[in-house]
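All residue numbers for the sequence shown refer to UniProt numbering, where the first residue is 1 and numbers rise by one.
C-beta atoms are modelled at their ideal positions from N, C-alpha and C, and glycine is treated no differently.
On a predicted model such as this, the values are computed, not experimentally measured, just so you know.
Here is the structure we will look at.
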Amino acid sequence: MKEQGLEPDKGVYACVLKACGTSKSYDGAFVHIDAVKKGFDLDLSVGNCLINMYSGLGSLDDANKVFDTMPVQDVVSWLSMIEGNIKNNWRQKAFFLFDEMLKYGIKAEATIFVGILDACSQVLRVCDGMLMHSEVVKRGFEINSSIVKSLVFLYASCGHICDAWCMLEATSNRDVTLWNVLITRCSESGHNKDAVKLFQIMQHDGICGNRITFLSVLKSCSMLEQLEQGRLTHAIMTMNGFLSETSIENALLHMYSQCGSIHDTCKVFNIMPKRDVVSWSSIIFVHAKHSDFVKASESFELMQKDGVEPNEFTFVSILYACCSLAEIKQGLLLHHYIIHAACESNLHVGSVLCDLYCMCGSVDDACQLFDMMSERNVVLWSTILSLGVKHRYDKEVLSMFQMMQMEGIEPNEVTYTLVLISSANMCNLDFGKYLHMELSKRGYDLDTFTGNTLVDMYAKCGSLCSAFSVLATLHERTLVSWNALISGLADHGMLTSVLYCFVKMQEKGIKADSGTFVSILSACSHEGLIEEGFIIFESMDHYDVCMSHEHYICLIDILGRAGFLYEVEACIYEILMQPDWLIWMTLLGSCAKYNNVDVGYRAFHVLVKSACKKDAVYVLMSNIFSANKMWEDAKNVREMYEG
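The structure is reproduced here in structure tokens:
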């Protein structure tokens with residue numbers, strides 16, 4: 001404009017400054033300088049635009065300077081200053097200005113309160129909004145429809161649903177706009193039950209709703225998986241002719257797919273005149289949710305034939321089907337497609353891909369994918385940590401957890417539990433205590449799984465008092481909880497405490513299982529209690545627990561430790577149908593303790609015949625011969641091993 005020799009007037013300056021304020025552009029400062037040169041900065045409209053621009057940029061000092069130099073201020077000037085201070089958290093200054101405005105004779109009209117309340121809503125300042133609400137009541141504006149709308153929006157935005165409902169209920173003019181404010185805010189802020197309930201009341205009031213209403217209610221039905229309410233909403237929409245838009249039909253598809261209704265999803269999908277990527281992704285998702293990989297794949301192929309390009313949600317849905325059935329080959333093919341579509345680095349797609357590789361045990365692929373992700377959230381970190389736990393890379397799990405924290409990722413309860421498992425496996429008590437402290441500090445209530453993991457960690461690390469303490473705080477003490485404690489006590493030879501816990505768990509109505517008896521028999525073995533071990537062993541029938549190899553190994557260990565080697569050998573031949581190498585190894589170990597050549601050699605012979613490659617087999621037999629001064633035989637065993 002200037003290049004063409006045209007001089008801007010104050011109206012042009014006001015428009016340009018308003019645009020700078022809207023776009024939050026600092027170029028407005030140069031426009032301000034130019035306006036000062038022309039003397040337009042003293043104009044009321046230009047000054048108001050300058051205040052609004054600087055307030056939006058957070059430059060309150062500049063806004064104050066403009067305000068103070070204005071020869072006259074109107075209601076817009078004061079409102080811009082008050083809104084700017086509220087949005088920039090200068091609440092005391094904002095209310096000081098409000099009082100000053102009244103002193104200067106500026107009447108507090110409805111528009112003032114609407115502006116201030118809307119500013120409070122944007123920065124979630126509910127306390128400030130409540131103070132303004134009291135001013136509204138003082139001046140008799142509580143029935144003003146614009147103010148009521150702003151108050152409903154304020155309270156709903158800040159999660160004060162009851163207060164928002166009270167405002168709505170108190171007004172006689174409850175139009176669809178007011179209902180939408182409350183229902184939409186409830187849906188967006190996760191108060192989905194409230195959104196559905198309000199929709200029902202709205203229907204009872206005879207207000208149908210509009211596109212905004214139905215999109216919000218369908219979203220809440222999806223989150224709650226309320227299929228019947230979703231169907232009812234669908235019927236209301238059909239009766240009132242709201243099914244002509246693709247966005248509405250997609251919302252229905254999403255709701256039905258989230259609720260797991262294949263029939264309803266397909267019914268809506270099949271009558272859609274136009275299907276976009278959201279429509280196809282929803283139909284793929286519902287098949288994936290029901291582990292129907294064939295139909296999910298067919299829909300994926302039909303989508304491409306229809307000329308619709310898949311997006312991130314499509315890939316997540318089809319990969320979800322692969323994960324549910326561990327379809328590693330199909331997952332690999334999809335991975336190549338995803339690379340071609342340049343979606344591999346997408347956080348959600350990468351997370352599901354990583355999860356697929358983890359499920360299939362493809363450690364290298366999962367780690368490679370994880371390393372190349374530019375963005376990593378707590379879900380992705382938890383996925384890779386679970387892979388480490390599964391494959392017992394416990395040291396790496398602890399290191400990765402520390403790396404995760406260094407990246408500024410906030411761990412969740414799942415993350416802490418996974419790292420606790422590795423701490424327990426490594427018997428790293430200090431790190432386990434640190435994790436327990438972090439869980440408490442962050443206010444996590446111990447659920448059953450996390451609580452059981454803590455009990456197991458303390459028990460394995462020998463901190464048995466802490467294990468007891470955690471068990472006592474659990475709301476639900478399951479068989480896993482008791483077994484973790486009993487196992488730890490058994491490992492530390494505390495038979496009396498083991499039996500005490502065994503009795504206590506039965507008193508609580510918890511039935512012992514195979515693992516419980518392995519721990520008790522192991523404790524009897526460590527203490528050399530033969531008779532008690534036999535009694536426990538024979539009582540397993542009473543608890544409907546099938547005797548496994550582990551139980552027999554414990555029994556053999558009990559007899560072997562006491563020197564009943566011939567009895568052990570007879571027990572192996574008579575009781576067990578298919579004794580494995582571990583049982584014979586246990587017997588050989590007992591023979592080495594008592595230097596029994598006769599039984600030891602027979603056990604050694606069975607182990608060699610079964611092609612057992614354990615070094616300890618030859619070492620133990622050689623030691624038995626040496627202890628009995630059978631030097632030549634000891635030499636032959638060593639040569640067998642070396643040869």
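I need the boundaries of the alpha helix (DSSP H) containing residue i, first residue and last residue.
i, result
"Lys305", "Phe293 to Lys305"
"Asp598", "Val597 to Lys609"
"Leu198", "Asn192 to His204"
"Tyr155", "Ser145 to Ser157"
"Gly451", "Thr448 to Lys460"
"Gly533", "Ile530 to Glu538"
"Asp128", "Val126 to Lys138"
"Ile106", "Here Ile106 belongs to no alpha helix (DSSP H), and DSSP marks it neither H nor E."
"Ile271", "No alpha helix (DSSP H) contains Ile271, which DSSP labels as neither H nor E."
"Phe370", "Val363 to Met372"
"Lys441", "Leu429 to Lys441"
"Phe502", "Leu495 to Glu507"
"Ile283", "Val277 to Lys289"
"Thr69", "Leu60 to Thr69"
"Val225", "Going by the sequence as given, residue 225 is Glu instead of Val. Run containing Glu225: none; DSSP gives neither H nor E here."
"Ala342", "Looking at the DSSP string, Ala342 is not in any alpha helix (DSSP H), and its letter there is neither H nor E."
"Glu309", "Run containing Glu309: none; DSSP gives neither H nor E here."
"Cys591", "Trp581 to Tyr594"
Under 8 Å: does the beta carbon of residue i sit that close to some heavy atom of the ligand ADP?
i, result
"Gly493", "For the structure depicted, the ligand ADP is absent and the ligand set is empty, with no information on it obtainable."
Could you say which of the options lies nearest to residue i if we only look at CA atoms?
i, options, result
"Asp118", "Gln200, Val181 and Leu302", "Val181"
"Phe242", "Gln226, Asp264, Ser261 and Leu218", "Leu218"
"Ser519", "Val76, His551, Ala288 and Ser157", "His551"
"Tyr104", "Phe214, Val72, Ser422 and Glu476", "Val72"
"Asn210", "Ile183, Leu224 and Leu227", "Ile183"
"Glu413", "Phe370, Glu507 and Leu439", "Leu439"
"Asp491", "Met505, Phe285, Asp62 and Ser525", "Ser525"
"Glu225", "Asp205, Gly493 and Cys259", "Cys259"
"Thr69", "Asn48, Gly361 and Thr473", "Asn48"
"Val597", "Asp175, Asp615 and Ile624", "Ile624"
"Thr473", "Gly451, Thr417, Glu228 and His542", "Gly451"
"Ala424", "Glu407, Met406, Tyr393 and Gly443", "Tyr393"
"Asn250", "Pro273, Glu228, Gln229 and Ile236", "Pro273"
"Ala108", "Leu302, Cys120, Thr453 and Val76", "Val76"
"Arg139", "Thr111, Asp163 and Asp128", "Thr111"
Should residue i and residue j be called a contact, given that it needs their Cβ atoms to be closer than 9 Å?
i, j, result
"Arg561", "Lys593", "yes"
"Tyr458", "Leu495", "no"
"Trp90", "Leu124", "no"
"Cys367", "Ile384", "yes"
"Arg275", "Val308", "yes"
"Leu485", "Phe468", "yes"
"His263", "Val278", "no"
"Cys427", "Lys460", "yes"
"Phe564", "Ile536", "no"
"Ser514", "Cys546", "yes"
"Cys343", "Glu312", "yes"
"Trp631", "Ser610", "no"
"Ser463", "Leu418", "no"
"Phe214", "Met239", "no"
"Ser189", "Ser222", "no"
"His191", "Gly159", "yes"
"Tyr54", "Asp62", "yes"
"Asp615", "Thr586", "no"
"Leu588", "Leu620", "yes"
"Ser145", "Leu198", "no"
"Thr448", "Thr478", "yes"
Between residue i and residue j, how many whole angstroms is the CB-CB distance? I'm expecting something under 8 Å.
i, j, result
"Val66", "Ile51", "5 Å"
"Ala195", "Cys186", "4 Å"
"Leu97", "Ile82", "5 Å"
"Cys612", "Gly600", "Their Cβ separation, rounded to whole angstroms, is 15 Å, which puts Cys612 and Gly600 out of contact at 8 Å."
"Gly533", "Leu555", "7 Å"
"Trp381", "Ile409", "6 Å"
"Gly488", "Ala523", "About 11 Å; that fails the 8 Å criterion."
"Ala341", "Pro310", "7 Å"
"Met132", "Val148", "The pair is not a contact, with the Cβ atoms about 13 Å apart (cut-off 8 Å)."
"Phe269", "Ile283", "5 Å"
**Study point:** the stretch 345 to 358 / the stretch 370 to 377 touching (three or more Cβ pairs under 8 Å)
**Key:** yes
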